[in-house]
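31 is the number that the UniProt record's numbering gives to position 31 of the sequence shown; each next residue is one higher, with no gaps. A virtual CB, placed ideally from N, CA and C, is assigned to each residue, including glycine. Below is one structure; the comments refer to it alone.
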Amino acid sequence: MPPVFRFAPSPNGELHLGHAFSALYDHALCRQAGGRFLLRIEDIDRTRSRPEFEEGIYRDLEWLGIAWETPVRRQSDAMPTYGEAIDRLRAAGLVYPAFMTRGEIAATVAADPTWPRDPDGAPLYPATDRDLTRAATEERIAAGTPYAWRLRTDIAATQAGPLSWQEDGAGPDGESGVVVARPERWGDFVVGRKDVPTSYHLAVVLDDAAQGVTHIVRGRDLFHATAAHVLLRRLLGLPSPVYHHHRLITDNTGRKLSKSDRATSLRSLREAGATPDDIRAMIGIDAALADRA
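What follows is the structure, given as structure tokens:
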């Protein structure tokens, strides 16, 4: 069977130069491997996802010369699958309802400058809800208090045993080869949001398994999140793909590009007269691929 690669943007803004690098790099590695290339629309964010942004994704990728298999998978069509996975984790006693708002979390951790933080810099979730009695939890749910589902990460990691992944790219500190996964660094992360029955972490591992993805190519900003994904795969009995994390395209201050910056959007550059070859030169994709070879 040929290897399977995928590009999975979110339709919550216009694609920019960073997306162009990731898509072109991913597509090139797929072609070198004689693989299949899939496109997935990650639209679980119902408030920010828009049809016009999805159409823009197709237009921009076609303009760059990227082809993909159809039909395109949309996360919004797979909500029942995500809910079933949450039910499995609930039955195993590995998740709990988490009621705290962002403001409440901030207030709880504000008094402690040593409060642990995850690899993205966010404070780990307090144990307040995890320590509630069953009666107290059910009372809050019955009262209509919104809640997310969070993984009992320490228990889940103990159950899963030693975890690692194969890294064919490189992490922020040059990590490659067999990388030891440390999901406990994320604390009790969200697997089901308050507004939808999933989170990015849960949806992405289920989608990749459903699509038979064997090679995941993405930016280094997601390198550490891989530990959470490896844990969920082990818990749900899903296959393990090979990962390749690549360098990021940044602005002149060294920050990762944002969809809010129209100056780097592919649409704006195209309307200003840029060609696909110009985009390739701007992001240095050919040099990156030559270094890879």
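*asked:* Suppose only complete runs of 3+ residues qualify. What are the beta strand (DSSP E) ranges in the segment 173-250, listed by chain order?
replied: 177-180, 190-192, 215-219, 242-246
*With F53 as the anchor, note down where its alpha helix (DSSP H) starts and where it stops.*
51-64
*From the DSSP output, which residues share a beta bridge with F5?*
F37, H215
*Measure the Cβ-Cβ separation of R94 and R152 and say whether it is below 7 Å.*
One detail in the question is off: residue 94 reads as Leu in this sequence, not Arg. Closer than 7 Å, so yes.
*In the DSSP assignment, what are the bridge partners of H16?*
S265
*What does a CB cutoff of less than 8 Å around S22 pick up in its chain, not counting 5 residues either side in sequence?*
F7, V217, R218, G219, H246
*Determine the burial state of Q32: buried for a count of at least 16 other Cβ atoms within 10 Å of its Cβ, exposed for fewer.*
exposed
*CB of L206 within 7 Å of CB of D60, strictly*: no
*Determine the DSSP secondary structure at A157, reduced to helix, strand or coil.*
helix
*For P276, the first and last residue of its enclosing alpha helix (DSSP H)*: 276-283
*Between G237 and E14, what straight-line distance do the alpha-carbon atoms span, to the nearest angstrom?*
35 Å
*Span of the beta strand (DSSP E), counted from its first residue to its last, around V95*: 95-98
*Please work out which residues of its chain come closer than 6 Å, Cβ to Cβ, to P123, disregarding the five sequence neighbours upstream and downstream, and give them in chain order.*
V109, W115, R117
*Might you give, ordered along the chain, the residues of its own chain that have their beta carbon closer than 7 Å to the beta carbon of A148, omitting 5 neighbours on each side?*
Result list for A148: A98, V190, G192, R193, K194, in chain order.
*Between A28 and L289, is the Cβ-Cβ spacing less than 7 Å?*
yes
*Residue nearest to I155 in terms of C-alpha spacing, selected from E184, G174, I141, A135*: E184
*Excluding the five sequence neighbours on either side, which residues of its own chain have a C-beta within less than 8 Å of the C-beta of I66, listed in chain order?*
F7, A23, L24, H27, F37
*Could you spell out the range, first to last residue, of the alpha helix (DSSP H) harbouring E84?*
79-91
*Any idea if P11 is buried or exposed, counting beta-carbon neighbours within 10 angstroms, 16 or more meaning buried?*
buried
_Just verifying my parser: in three-state terms, what is the DSSP assignment at A170?_
coil
_Please report the distance separating the alpha-carbon of T275 from that of P162._
Taking the straight line joining both Cα atoms gives about 48 Å.
*From the DSSP output, read off the bridge partner residues of P123.*
For P123, which the question treats as bridged, DSSP gives the partners R117.
*Looking only at C-alpha atoms, which of S176, W68, T198, G254 sits nearest to Q166?*
S176
*asked:* Just to confirm my understanding: we take E52, look at its own chain, exclude 5 residues before and 5 after, and list those with CB closer than 7 Å. What are they?
replied: none
*In terms of DSSP beta bridges, what is A256 paired with?*
For the record, residue 256 in the displayed sequence is Lys; it is not Ala. Looking at the DSSP assignment, K256 forms a beta bridge with T250.
*Just how far apart, CA to CA, sit A181 and A225?*
9 Å
*Secondary structure at R152, three-state DSSP: helix, strand or coil?*
Note: R152 maps to coil in three-state DSSP.
*Is F5 closer than 7 Å to A34 when the C-beta atoms are compared?*
Note that residue 34 is Gly in the sequence shown here, rather than Ala. Result no, Cβ atoms of G34 and F5 do not sit closer than 7 Å.
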